[in-house]
Structure formats: structure tokens, C-alpha cells
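Residue numbers (the working numbering), protein chains in the order written: chain A, 1 to 256; chain B, 1001 to 1421.
Beta carbons are placed, not taken as given, at the ideal position from N, Cα and C, and that holds for glycine.
Note that the structure is predicted; figures quoted are calculated from it, not measured.
So the structure is just underneath, and the comments pick up after that.
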């Protein structure tokens, strides 16, 4: 059976197609302003790449903030259950998932069968999310992809104390004007994100092994800061960013 | 100037006629309209108006024929009519912090502009502030006492971490005597002790009936939801101690019993039962009730509406005045977290709920403090999923629909999975 998952996030839209439990392919595009179109587009492009017709796919599940805007799917499910399922599918040993996406971050604790036991999400504000990092990268005039590697060179991470993205940005700007090294500022940003996530993880009762998913998992600096703060190994799979879409495709198999 | 009394008499006659007409009706809307009309025309009918906190001892006021008015009930009305954010902004422009309670802010702002859904509350002749619900009310009522230049009585109920000490008993009981003296001075006449006894009995009866109404939701399917309770609550809060409350809840109880007998549920397809904690998100109650119903989830009980009958065990109806001190001191918001958790666990069992939905209310610190501990206790003791959503009872600026929506969807996914649905 062929199933698909579509994860429409605030920054990127992801799709994954599974055939008999194996990943056939995945795709990522920018969401842009039209989340409905993005969900359809990423799915169409992936099917084309795989040489599949829509009719070949038995069932589709959508997830992410734009999940309800994708009208042609069989069901919409939340990112929480999709990320949990995706992480369990990729590695059945995993008991906790840290997902940092564009506008929210969450910690999901799984039972030994991969079912969601508990979860916590960031409060009203979007500090410590992908969007937060984007704002900081702009202020520092550094490409976001270079963020991780740069921060590992830091000698003395700067202290970033504000929880508010806008205030944190002005903290960063004042550090720049004081001549602070970029690496140190970036490392400080990563530490502030890690501190926020760790508090959430401890509140919800994180259990190792831990995997990190979502676009921010590509940032090696955030992963390193999280490991240090949590005093635990944080694994990252090559499918981190499409983990939610994969989870959707896995859940679609079991749809009644 | 000479014509003034005639005009006043004319209006009084008009209002009385309308009130008599509406009194024949038994709907909540009409009852509340009569209540506010009487309060607003109190000056012409030569009655006194007292503003009182929601958990305050109202029975002595009723016995003195003083009309009690509740800024917090008014706050709920402001929230439900989505007028809270504007009034909070008005309070902020007056210099009040946006971190303050949104009931307090909207009331303080409303008094200066006669805003809100009913054009402001009637001017008070006195203020009765009982701090069993929070500490904010002290400053809030002081501000209003200065603004209206009226006397303020503070009824101080010490926090009961565990039990009720002899010192607290004496301290609170003595304030009841001072309260009566305050009222006698404000009204210029003596308290009628026999009348107070009658009012006390009516208050107890009203609370028992309210409890019986809430109890009907223990049935499956529940004939009413907590959202219905939020609506029907107005009378036990505002008119406790009057026969009106007895009539209304007697009828409501009959209606609910009839629904139970006929197996009629409050939502079309009740599959999951939830317990609510904290004050409702007033501007969003409809949205939330539809959201939950779309998941076949029924909010069957809550810690909020049950607080108005939660201390019946401390009241001796034959000795109401003596026992009310303890009842007013040991309310849900004035007790330790362990005791709060015991009450929540009892509700979980009584209403057989599948999950606990907690509203971390930006405005209400005493209600929201301890929720993470209570959540842990409930998860450990009963093993049901619990979730906290962040919002505000009145201020829509503290509400993010997509975030709350995702949390509720995920919460329901977990409950469905556990129940095998």
C-alpha cells in the first residue's frame, strides 16, 4: 500500500510517500503566503518526482499548522502525534522527541509502543523557535545554514537573557555594536534556546533516548547546546525535517 | 426643580411596571435584566447598592435589603460580549499595568466611562471586599472606594494551607460582627436577626439545589455541559439567599432530570468526558464548546461553578451566621494545593472523566498557581491525560487560536488513542 503525509508548517511544507512501510521519497518547499497551495504543490512535485499518479496513493494525512487548509486529504492530525509516530517509525527505541519548528517548539514523550504519553509546547510566544533563529541570523547578517558550524567555534558564549524575540534581537544588536564576536553571540542564542527547551523537557518528564526533529535539528549548534543543557545525547536523523510528514504517512496506513 | 420628584415618580412607576412584567418570566435573561434594572434604579426606589466580591458573604446584605452588585459577574458579561480588550486598553491608558487582573482593569476603566454591555454598573453606596478569592481585590476595591467616595468594608479571610485553626475561627467570626455594625451604620437601621436566619436558610437551599443541578452531569450522557453551568451560574453568585434562586434551580433541576430520564445528552454524540479547571475564557466559550463537541468531547464538570456549593459541608443551616465564617474562609481558592488536588480528584471520580483541561489564566494568579502540581497529582493518581492551555478570562490579546486549537486536537488524539477510539 502507498500512503502519504503532508506537513504544512509556518516556514516550509514537507511531503513524504511510503510504500509498504518503506520511504519512497520526501520533499521540502517554502510555504509562502498560501499554505493551501503549498500543501498541494509539495505533494504534486513529490509524486511527479516518484512517477506516481494521485490515484496510486491509497491514503493521505495532513499535519502542521496548515493541516486544515489541505482539503484533498483523508484526515488531518496534529504535529504532536505525527512527530511521535515518525520518530518511532525511524527508530523504535526513541522515547522522547524534541521538535523545533518555525513557530513553535515541543517536547513529546512516548511510551515503549511509540504512543504519545505526554507533551509540552512553548507558551504563547515564539521565542526559541525557527523564526527566532531567522530573525537573529538577519540581525547578524549570517546565513542560517552557517549558524551551527560558527557557534561551535565560540570561546565564550554571550548571555542572551530576554525571552521576547524582538528584545532578544536588540540585545544581539547591542552585542554586535560592542564588538562581541559573532561566534559567541550565535552560541549565546543557541544556549538561550536550549535553556527554554530544557525547562519544557524537564517539566514534561523527558526520557532518553531523545531525538530532535524539525528544521532547527539541522543546526548542529542547537543540538550541541541541548545535549549540554539536558546532559543527554540528542540524536538527529537524516529525515529530521520531514519527520512529521513521514509520521503522517505511517499513520495513514492504519486509517480505517 | 419643583418638577423633579414628579419625573422621578413617573420613571419609578414605569420601571416598577416593567419589572413586574418581567418577573412573571422565568428565563435567566429576564431575571438578570430585572436584577440590573432594580440595581440601576435603586436610588429612586431609595434602596442601597453594595458592590461585593464574588466570594464575599452576601447574606447579611440581602437581609438588610441592600442590592448586591458583583463587578466580577459584570466582568464575565464584558468578556462574553467581547468588550474586555477595549476596556483593558482603556485601563492601561489610565496607567494600570497590563499584568494586572483583567476583571479589575475592565471594572476600573468601565466605572469612568459607563461602558460595557449594560452601560456600566449602578453607583455603589458601599463596597464589600472579601479577600478569600485573591489579593488583587484589596487594591481594586480601595481604588473604587476612592473613586466613588464610599465606605469600604474589608472582610479578611486568612489562607488555610491545612485545616482551619482556632485563631482563624475567632478572627473571622469576629469580623462578621464588625460587618453587621458596618451595614447598620451604612443603612441607618438595625439588622433583623430573624430575617438573616431566613436568608441563611434560603442561601443553603440554593447552594444545595445548585449542587444537585451540577450532579446531573454525572449521568452518561451528561444532560448539561460545564458551558451550560457557566451560564446558569449567574444566579447562585448574584442572588444567593433569595427565593428567586430556589425557583429557578428547582425548575432547572426538573428539566435536567427529565433529560436524564429520556437519555438526552448536551452534545449530540458524547464519547469523551472532560473536567475543566479555572475561570472560563469568556470571549471564547462558544468557540471552545464547538471545538470540543467536534471531538465528541463533553465538558461535564469544572472546579469553577462547583465552588459556589463547595463549602456546604461547613455550614450549619440552623446556625448560619455562626458557621458562615468558616464556609467563606475555606473556599476553593483559599486552601492549600494538596486540598485543591483532593477536590479535583473527587471531581474526576464523581463525573468519570477521561481527561483534565486546565486554563492557565493570565489574570488569575491564585487560581493558576499550583496547576502544574495538581496536574502531576492527577496524572499520577488517576492516570488520565491532563493539559494546560494559556489564555485569559477576558483579554483576547492573551489568546492564540491556532496554538490552543493544536493543543486541544493533540490532547483529544491522546484521549482517543487511550480509549481505543
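Report the neighbours of residue i on chain A: residues whose CB is nearer than 7 Å to its CB, in chain order.
i, result
"residue 1373 (chain B)", "Ordered by position in chain A, no residue passes the 7 Å Cβ test against residue 1373 (chain B), which lies about 11 Å from the chain."
"residue 1410 (chain B)", "78, 80, 81, 119"
"residue 1290 (chain B)", "Correct list: empty, because the minimum Cβ distance to chain A is about 14 Å."
Give the DSSP bridge partners of residue i, in chain order.
i, result
"residue 1127 (chain B)", "B:1051, B:1152"
"residue 1272 (chain B)", "B:1297"
"residue 27 (chain A)", "A:15"
"residue 120 (chain A)", "A:107"
"residue 1246 (chain B)", "Paired residues: none, contrary to the question."
"residue 1359 (chain B)", "B:1389"
"residue 1160 (chain B)", "B:1335"
"residue 216 (chain A)", "DSSP lists no partner for residue 216 (chain A)."
"residue 6 (chain A)", "A:15, A:62"
"residue 1302 (chain B)", "B:1276"
"residue 189 (chain A)", "According to DSSP, which records beta bridges pairwise, residue 189 (chain A) is partnered with nothing at all."
"residue 97 (chain A)", "A:108, A:211"
"residue 75 (chain A)", "A:61"
"residue 183 (chain A)", "Per DSSP, none; premise fails for residue 183 (chain A)."
"residue 235 (chain A)", "A:211"
"residue 1060 (chain B)", "None, per the DSSP bridge assignment."
Have a look at the options and flag the residue whose alpha-carbon is nearest the alpha-carbon of residue i.
i, options, result
"residue 1013 (chain B)", "B:1044, B:1036, B:1304, B:1040", "B:1044"
"residue 184 (chain A)", "A:147, A:163, A:201", "A:147"
"residue 1069 (chain B)", "B:1389, B:1189, B:1129", "B:1129"
"residue 1050 (chain B)", "B:1339, B:1121, B:1108", "B:1121"
"residue 234 (chain A)", "A:98, A:118, A:140", "A:98"
"residue 1363 (chain B)", "B:1072, B:1048, B:1041, B:1320", "B:1072"
"residue 1313 (chain B)", "B:1322, B:1320, B:1327", "B:1327"
"residue 1232 (chain B)", "B:1220, B:1256, B:1219, B:1218", "B:1256"
"residue 52 (chain A)", "A:238, A:4, A:239", "A:4"
"residue 1371 (chain B)", "B:1350, B:1343, B:1349, B:1353", "B:1343"
"residue 1277 (chain B)", "B:1243, B:1333, B:1218, B:1265", "B:1333"
"residue 974 (chain B)", "B:1418, B:1170, B:1252", "Look at the range of chain B in this structure, 1001 to 1421, and you will see that residue 974 (chain B) is not part of it."
"residue 6 (chain A)", "A:201, A:63, A:222", "A:63"
"residue 1291 (chain B)", "B:1410, B:1126, B:1078, B:1142", "B:1410"
"residue 1017 (chain B)", "B:1029, B:1041, B:1138", "B:1041"
"residue 68 (chain A)", "A:94, A:155, A:43, A:36", "A:36"
"residue 220 (chain A)", "A:208, A:237, A:65", "A:237"
"residue 1114 (chain B)", "B:1136, B:1083, B:1135, B:1095", "B:1083"
"residue 155 (chain A)", "A:180, A:144, A:102", "A:180"
"residue 71 (chain A)", "A:38, A:204, A:246", "A:38"
"residue 1156 (chain B)", "B:1172, B:1149, B:1143", "B:1172"
"residue 21 (chain A)", "A:13, A:43, A:95, A:2", "A:2"
"residue 117 (chain A)", "A:152, A:13, A:129, A:96", "A:96"
"residue 1026 (chain B)", "B:1319, B:1258, B:1249, B:1190", "B:1249"
Contact defined as beta carbons within less than 8 Å: I believe residue i pairs with residue j. What is the distance between those atoms, to the nearest angstrom?
i, j, result
"residue 197 (chain A)", "residue 105 (chain A)", "6 Å"
"residue 250 (chain A)", "residue 85 (chain A)", "5 Å"
"residue 1271 (chain B)", "residue 1296 (chain B)", "4 Å"
"residue 1238 (chain B)", "residue 1133 (chain B)", "The pair is not a contact, with the Cβ atoms about 15 Å apart (cut-off 8 Å)."
"residue 1387 (chain B)", "residue 1358 (chain B)", "7 Å"
"residue 1067 (chain B)", "residue 1111 (chain B)", "The pair is not a contact, with the Cβ atoms about 17 Å apart (cut-off 8 Å)."
"residue 244 (chain A)", "residue 79 (chain A)", "5 Å"
"residue 1116 (chain B)", "residue 1087 (chain B)", "7 Å"
"residue 213 (chain A)", "residue 87 (chain A)", "6 Å"
"residue 1210 (chain B)", "residue 1236 (chain B)", "5 Å"
"residue 1374 (chain B)", "residue 1337 (chain B)", "7 Å"
"residue 1311 (chain B)", "residue 1331 (chain B)", "6 Å"
"residue 1266 (chain B)", "residue 1228 (chain B)", "6 Å"
Closer than 8 Å by beta-carbon distance: list the chain B residues that pair up with residue i, in chain order.
i, result
"residue 116 (chain A)", "1410, 1413, 1414, 1417"
"residue 65 (chain A)", "1402, 1406"
"residue 123 (chain A)", "1390"
Going by the C-beta, is residue i closer than 7 Å to any heavy atom of the ligand NAD?
i, result
"residue 1401 (chain B)", "The ligand NAD is not among the ligands present in this structure, which contains no ligands whatsoever."
At least 3 beta-carbon pairs within less than 8 Å: the stretch 1196-1211 of chain B vs the stretch 1282-1289 of chain B: no
Touching by the beta-carbon criterion (3+ pairs, under 8 Å), the stretch 63-82 of chain A and the stretch 240-255 of chain A: yes
The stretch 106-123 of chain A in contact with the stretch 192-212 of chain A per 3-pair CB rule at 8 Å: yes
Touch test, the stretch 57-74 of chain A against the stretch 173-183 of chain A, Cβ-Cβ under 8 Å, three pairs minimum: Because the criterion of three Cβ pairs below 8 Å is not met, the stretch 57-74 of chain A and the stretch 173-183 of chain A do not touch.
Stretch pair the stretch 1391-1400 of chain B + the stretch 1090-1104 of chain B: three plus CB contacts closer than 8 Å: yes
Inter-stretch contact at 8 Å, needing at least 3 Cβ pairs: the stretch 1184-1198 of chain B / the stretch 1155-1162 of chain B: no
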